[in-house]
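J.: Below is the structure I would like to discuss, written out as structure tokens.
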Amino acid sequence: MENSNAFHYEGEKAWCPGCGDFAILNAVEKALTRAGKKPEEVLTVSGIGQAAKLPHYLKTNGFNGLHGRALPPAFGAKTANHHLTVIVTSGDGDVYGEGGNHFVHAIRRNIEMTLIVHNNQVYGLTKGQASPTSDKGMKTKLQPDGVILTPFNPLAVAIALDAPFVARSFSKEIDLTAELIEQAMACGGFALIDVLQPCVSFNKVNTYQWYQQRAYRLGPEHDPTDRMKALAKSFEWDKGIPLGVIYNNPRPGYVATVIGNAEPLVKRKINMEKINDLMARLY
Ligand SMILES: Cc1ncc(C[n+]2csc(CCOP(=O)(O)OP(=O)(O)O)c2C)c(N)n1
Ligand code: SF4
Ligand SMILES: [Mg+2]
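Counting from 26, one number per residue, gives the positions in the sequence shown under the working numbering.
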């Protein structure tokens, strides 16, 4: 059946058949369509990895940068052009490992953007080494005796830093992921959506079945505005993995509070005389 949404890219996608990344891409398209966005109003930014290929497969403005460095250019773009809806798509290795410092400080700055992490618990692109979210004991070609480190808990870190919107989904739950992306884009500040994403080629432990056996949807009894309860939820893993909005404390972000109504940089006139003078003094 032909896909009629304005964000859909028909070309080939270099992901393995069955990879959870396809469903995340589908959810992003759905969320943008339902939110009534136009392709030119959206910027999708990524670093390096399988997840980071997503901007290539979506008809929006796009920027594909360096491994671990998706958040800084996204921040730059948002501050220079406030009207853009900025979405960052990253892998667990990209944003929780190599770019972990940017993850922490983007949340502290509360920059208005939605970070979608394709959390497959491995380095997919480089063929299955352990990532910061790999379960303890998981054996890989590089960790033949099993991972010895305690996994990084992105949700707990984001809640500790008081991120306005912290959620988790499972790639198979396309409607839930799309719904969470829509809420994230409307939250007014930094939003994290960690999406459990099976890597069918290199993660033979955390499979579709493994996630399906544990993942459950949070019900109305969970109050996402209660930070301590949200923190407790963020530690649930082995017996049950909660999906949905874990923590919600909406408030204005960096651009609204620091830059306010000032004219976006992108709209300001360029004074070539001043630039040429500056260049002449630099060289
Ligand atoms: C600075 C730097 N370090 C390491 C690499 C090699 N590298 C490329 S992708 C990647 C890991 C990707 O894992 P993840 O971010 O989880 O994405 P996935 O492929 O699993 O979606 C690594 C280590 C690189 N390209 N640049
Ligand atoms: S290696 Fe894993 S993450 Fe990468 S495309 Fe294949 S299934 Fe997806
Ligand atoms: Mg990964």
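Here a beta-carbon is modelled for each residue, glycine too, at the ideal position from N, C-alpha and C.
Alpha carbon to alpha carbon, how far is D187 from H130? Give it in angstroms, no decimals.
T.: Taking the straight line joining both Cα atoms gives about 12 Å.
J.: Which whole-angstrom value is the C-beta distance of V191 and I199, which I expect to be below 8 Å?
T.: V191 to I199, Cβ: 20 Å. No contact.
J.: Does the distance between the C-beta of N145 and the nearest non-hydrogen atom of ligand 1 fall short of 7 Å?
T.: Checking every heavy atom of ligand 1 against the Cβ of N145, one is found closer than 7 Å.
J.: May I ask you to report which of helix, strand or coil DSSP gives I271?
T.: Three-state result, I271: strand.
J.: Go to T202, then tell me how far its alpha helix (DSSP H) extends in each direction, as first and last residue.
T.: Per DSSP, T202 belongs to the alpha helix (DSSP H) from 199-210.
J.: Whose C-alpha, out of W262, S226, R242, G101, is nearest the C-alpha of P42?
T.: Nearest of W262, S226, R242, G101 to P42, Cα basis: S226.
J.: With DSSP run on the structure shown, which of helix, strand or coil describes Y121?
T.: Three-state result, Y121: helix.
J.: Inspect the beta-carbon positions of P291 and I49 and report whether they are closer than 8 Å.
T.: First, the amino acid is wrong: residue 291 is Val here, not Pro. Contact flag unset, no.
J.: Grouping DSSP H, G and I as helix and E and B as strand, with all else coil, what is L57?
T.: Reduced to three states, the DSSP call for L57 is helix.
J.: Could you give the C-beta distance for S196 and Q238, rounded to a whole number, given that I count them as a contact under 8 Å?
T.: Contact doesn't hold; Cβ gap of about 15 Å is too wide.
J.: What does F215 pair with, by DSSP beta-bridge criteria?
T.: In the DSSP output, where bridge partners are listed per residue, F215 has M138.
J.: Do the CB positions of P157 and G116 come within less than 8 Å of each other?
T.: Cβ distance not < 8 Å, so P157 and G116 don't count as in contact.
J.: At which residues does the beta strand (DSSP E) containing G87 begin and terminate?
T.: Its beta strand (DSSP E) spans residues 86-89.
J.: Would you call W40 buried or exposed, if buried means 16 or more other Cβ atoms sit within 10 Å of its Cβ?
T.: Looking at its Cβ environment, which holds 16 or more other Cβ atoms inside 10 Å, W40 is buried.
J.: Count the other CB atoms, across all protein chains shown, that sit within 10 Å of the CB of I136; report buried if there are 16 or more and exposed otherwise.
T.: Buried, by the Cβ-count rule.
J.: When DSSP builds the beta bridges, which residues end up paired with V67?
T.: T110, per the DSSP bridge assignment.
J.: Quick check: what's the CA-CA separation for Y34 versus D302?
T.: Distance between the alpha carbons of Y34 and D302: 44 Å.
J.: For ligand 3, is there any heavy atom lying closer than 7 Å to the beta carbon of G214?
T.: For ligand 3, not one heavy atom lies less than 7 Å from the Cβ of G214.
J.: Considering Cα atoms alone, identify which of A216, C224, M304, Y233 is closest to N274.
T.: Among A216, C224, M304, Y233, the Cα nearest to that of N274 is on A216.
J.: May I ask you to verify whether the region 54-61 touches the region 199-212, counting CB pairs closer than 8 Å and requiring at least 3?
T.: Judged by Cβ distances under 8 Å, the region 54-61 makes contact with the region 199-212, as three or more pairs qualify.
J.: Quick check: what's the CA-CA separation for G61 versus E298?
T.: Roughly 41 Å between the two C-alpha positions.
J.: Please state whether the Cβ-Cβ distance between H127 and P98 is less than 8 Å.
T.: For H127 and P98, no; Cβs fall outside 8 Å.
J.: Measuring only the C-alpha atoms, how far is A209 from G36?
T.: Using only the alpha carbons, I get a separation of about 28 Å.
J.: Among A77, A102, N178, whose alpha-carbon lies nearest the alpha-carbon of T151?
T.: T151 has its Cα closest to that of A77, out of A77, A102, N178.
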